[in-house]
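Below is one structure; the comments refer to it alone.
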Amino acid sequence: MKFIPLHLSGAFEIKIEPRKDPRGFFARFYCDDEFAAHRLNTDWPQMNISFSRDAGTMRGLHFQRGEGAEIKLVRCLRGKAHDVIVDLRSGSDTFGQHATVVLDAEKRNAIYIPKGFAHGFQTLQDDVELQYLHSTRYGPGFEGGVNMMDPDLAIPWPLTAAQMSERDLSLPPFSEVQPL
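Residue numbers (the working numbering): 1 to 180.
Here it is, written out as structure tokens:
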């Protein structure tokens with residue numbers, strides 16, 4: 001596996017290193033030893049899947065606070081998604097900045113998201129499925145979010161928004177979100 005640091009401290013794009021032969025390939029997506037060697041989380045008590053039917057669908061920007069704060073490891077199982085994280089860590093030099101990674105089922109890459117980040121994505125084609133590993137079980141009392149369309153964040157969404165939930169549309173602007 002290759003761990004490629006993003007410009008937001010603690011966040012990585014993770015790429016597999018396939019061993020190919022005439023049958024196809026074999027690669028590790030996750031290894032305790034390699035994650036530990038990079039001082040990354042190795043405990044994943046919850047795994048979720050999200051499916052989005054239409055290209056341009058947007059989800060996020062979501063986060064968990066306090067005891068519910070979580071680390072995420074996200075990969076695309078089908079299709080492609082423009083994945084975005086926003087640094088909300090109190091005292092961070094990159095507070096309010098975002099990073100993007102195109103998660104691609106064919107490339108089989110992933111994004112490692114530390115605690116203190118909001119996360120969202122836009123699907124780049126129809127029928128996109130993402131898999132999330134979480135370091136903490138979901139706690140509804142800890143959830144929060146920031147409006148992904150807030151111009152202060154200046155996130156370059158590649159497609160016109162096709163679908164967004166009412167919840168995501170009503171999330172507060174960045175200026176109203178307290179650091180995590």
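We treat Cβ as the ideally placed atom computed from N, Cα and C, and that holds for glycine.
- With respect to Leu61, His119 sits close: the two C-beta atoms are nearer than 8 Å.
- DSSP, read as helix, strand or coil, puts Ser50 in strand.
- The C-beta of Glu13 has 16 or more other C-beta atoms within 10 Å across all chains shown, which makes the residue buried.
- For the pair Ile155 and Ala11, the CB atoms are not nearer than the 8 Å cut-off.
- The C-beta distance from Asp54 to Gln122 rounds to 11 Å, too long to fall under 8 Å, and the pair is not in contact.
- Distance from the CA of Ala69 to the CA of Ala36, rounded to the nearest whole angstrom, comes to 20 Å.
- Within the model, the alpha-carbon separation for Met149 versus Asp21 is close to 45 Å.
- Assigned with DSSP and collapsed to three states, Arg19 falls in strand.
- In the structure shown, Glu34 falls within a helical segment according to DSSP collapsed to helix, strand and coil.
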